[in-house]
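Count along the sequence shown starting at 1, add 201, and that's the number in this note's numbering.
Notes for the one structure printed next.
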Amino acid sequence: MKIVVVGVGAWGKNHVKTLAELRGEKLVDEVFVCDSDSERAMALAKEFDCVAVSFDDVKKGQFDGVVVATPSPTHYSLAKDVMSSGKEVLVEKPLAMSFEDSMQLVKQAEEQKRLLMVGHEFRFHPGIQTLTKMLHAGEFGKIIMLSANRFDFRAPRKDMGVLLALAIHDIDLFSYLLESQPNSVQASATHFFQQGIEDHCTLALDFANGVKCFAQESWIQPAYGKTREFIAVGTEKTVKIDFLNLESMQVSNSRFFDDGGILKAEPGEFTTVTFGRKEPLKEELKHFIECIRTRARPLADGIVGANAVHIIEKAFESIEKGGKIKI
202 MKIVVVGVGA WGKNHVKTLA ELRGEKLVDE VFVCDSDSER AMALAKEFDC
252 VAVSFDDVKK GQFDGVVVAT PSPTHYSLAK DVMSSGKEVL VEKPLAMSFE
302 DSMQLVKQAE EQKRLLMVGH EFRFHPGIQT LTKMLHAGEF GKIIMLSANR
352 FDFRAPRKDM GVLLALAIHD IDLFSYLLES QPNSVQASAT HFFQQGIEDH
402 CTLALDFANG VKCFAQESWI QPAYGKTREF IAVGTEKTVK IDFLNLESMQ
452 VSNSRFFDDG GILKAEPGEF TTVTFGRKEP LKEELKHFIE CIRTRARPLA
502 DGIVGANAVH IIEKAFESIE KGGKIKI
């Protein structure tokens, strides 16, 4: 199997490195790299024993799959060209910069019978996969709330702010775990360093089944390092996932109960649930390869990517107009 990575900046390089590892595991035969900076492509090709190619080569060549890891505003046009050339594609999130463009790619994939996968890699985090199994087994009772925090300090990006860079991950996870889409969103954001590029935002989403979901994303917290946490609260259990921890998560059996019309919580014990260390990006790429081989529907297909962009658009509308926006 031949896989080419288009766009080998910071994140694209991780794709190349991981695919080189999968080549060592005999899941990939050859890895190719493509970048608008040909010198960077050649340097990376040398580092990971790959072959540097041009985008014309990508369109004309015989490749089984293409990973698009370029700056977000280019995702739509590149994915469109890749599918038009008859190839399967994994597009980094966001699928496109608008819901309309995202749905155009979904439509194209359906018409041309192409595999379109979107890089919502946190679906493949071992903590989320373990939580999904626990939810399906009914261990949490009724889900009450999901919340997520992603804090860090960095200079604002030029192509997008924290909504498309960070919040889109948590919005996707809310929908994935609840197996439904939100019916409303309310958001607020700040632009401390660069007007038009939000560097801090908060979101509240309502789902039809009554579950409340909250997310806070920030690039302006310099004191406490990188934070990536996710909390699920149910009537029977609560779990806290640290996305930076690929080996275990904390689960509490604290439970809610109704005491004469007053909602109370019963203190519980904490247990550590361990899971095999699995890199989300590696699991995502293995899934992409398997979908190419079997023609299975990806866990994060084009519709998943488009829905996430749609909710982000509604969040921007909420920021602009103020108040809750129906989805």
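Every residue, glycine too, gets a C-beta built ideally from N, C-alpha and C.
As the structure is a prediction and not an experimental result, all values here were calculated from the model.
Can you give the Cα-Cα distance for residue i and residue j, rounded to whole angstroms?
i: Ile-329; j: Phe-323; result: 7 Å
i: Glu-484; j: Gly-225; result: 15 Å
i: Glu-340; j: Ala-433; result: 12 Å
i: Ala-509; j: Ser-419; result: 19 Å
i: Cys-402; j: Leu-378; result: 22 Å
i: Phe-393; j: Gln-417; result: 16 Å
i: Lys-343; j: Thr-472; result: 20 Å
i: Leu-316; j: Trp-212; result: 22 Å
i: Ala-253; j: Lys-227; result: 21 Å
i: Asp-238; j: Glu-480; result: 28 Å
i: Ile-204; j: Glu-312; result: 23 Å
i: Met-184; j: Ala-405; result: The structure shown does not extend to residue 184, since the chain is modelled only from 202 through 528, so no value can be given for it.
Whose C-beta lies closer than 6 Å to the C-beta of residue i among residues of the same chain, with five residues either side of it excluded?
i: Met-202; result: Val-229, Asp-230, Asp-265
i: Val-292; result: Val-269, His-276, Ala-280, Val-319
i: Phe-527; result: The sequence given here has Lys at residue 527, not Phe. Same-chain partners within the cutoff: Ser-385.
i: His-321; result: Lys-294, Asp-373, Ala-501
i: Leu-347; result: Phe-375, Cys-414, Ala-433
i: His-370; result: Phe-323
Would you say residue i reaches chain B, if we count a Cβ-Cβ gap shorter than 8 Å as a contact?
i: Asn-384; result: The structure shown contains no chain B; it is built from a single protein chain.
What residue does the alpha helix (DSSP H) around residue i start on, and which one ends it?
i: Asn-508; result: 503 to 522
i: Asp-371; result: 369 to 379
i: Asn-215; result: 211 to 225
i: Asp-257; result: 256 to 261
i: Asp-236; result: Element bounds for Asp-236: n/a, residue is neither H nor E.
i: Arg-494; result: 481 to 495
i: Gly-328; result: 327 to 337
i: Ser-278; result: 276 to 285
Hey, would you say residue i sits closer than 8 Å to residue j, going by beta carbons?
i: Leu-296; j: Ala-497; result: no
i: Leu-500; j: Leu-220; result: no
i: Ile-520; j: Ala-368; result: no
i: Val-505; j: Asp-373; result: yes
i: Val-452; j: Lys-465; result: no
i: Val-217; j: Cys-235; result: no
i: Phe-415; j: Thr-436; result: no
i: Met-284; j: Gln-305; result: no
i: Arg-358; j: Ile-421; result: no
i: Thr-475; j: Glu-448; result: yes
i: Leu-332; j: Val-440; result: yes
i: Asp-400; j: Val-363; result: yes
i: Glu-430; j: Ala-516; result: no
i: Arg-241; j: Val-209; result: yes
Starting from residue i, trace the beta strand (DSSP E) in both directions and tell me its first and last residue.
i: Asp-460; result: 456 to 460
i: Arg-429; result: 428 to 435
i: Asp-230; result: Careful: Asp-230 lies outside any beta strand (DSSP E) and carries neither H nor E.
i: Lys-413; result: 413 to 419
i: Ile-387; result: Note on residue identity: the sequence assigns Gln, not Ile, to residue 387. Here the beta strand (DSSP E) through Gln-387 covers 383 to 391.
i: Val-474; result: 471 to 475
i: Ser-453; result: 449 to 453
Once the 5 residues before and after residue i are set aside, which same chain residues still bring their CB inside 7 Å of it?
i: Asn-215; result: Leu-482
i: Ser-273; result: Pro-295, Met-298, Asp-360, Met-361, Leu-365
i: Ile-512; result: Ile-372, Pro-383, Val-386, Ile-528
i: Met-243; result: Ala-253
i: Gln-395; result: Pro-357
Is any heavy atom of the ligand ZN found at a distance shorter than 7 Å from the C-beta of residue i?
i: Lys-465; result: Judged by which ligands are present, the structure shown has none, so any question about the ligand ZN falls away.
Once you ignore the five residues that flank residue i on each side, which residues in its own chain have a CB closer than 8 Å to its CB?
i: Glu-514; result: Ser-299, Phe-300
i: Ser-286; result: Val-259, Lys-260, Lys-261
i: Glu-470; result: Ser-453, Asn-454
i: Ile-345; result: Val-412, Lys-413, Val-434, Gly-435, Thr-436, Phe-457
i: Arg-478; result: Pro-327, Leu-447, Glu-448
Open item on the list: Does the segment 346 to 354 come into contact with the segment 409 to 428, if we say contact requires no fewer than three beta-carbon pairs (one atom in each stretch) closer than 8 Å?
Closed with: yes
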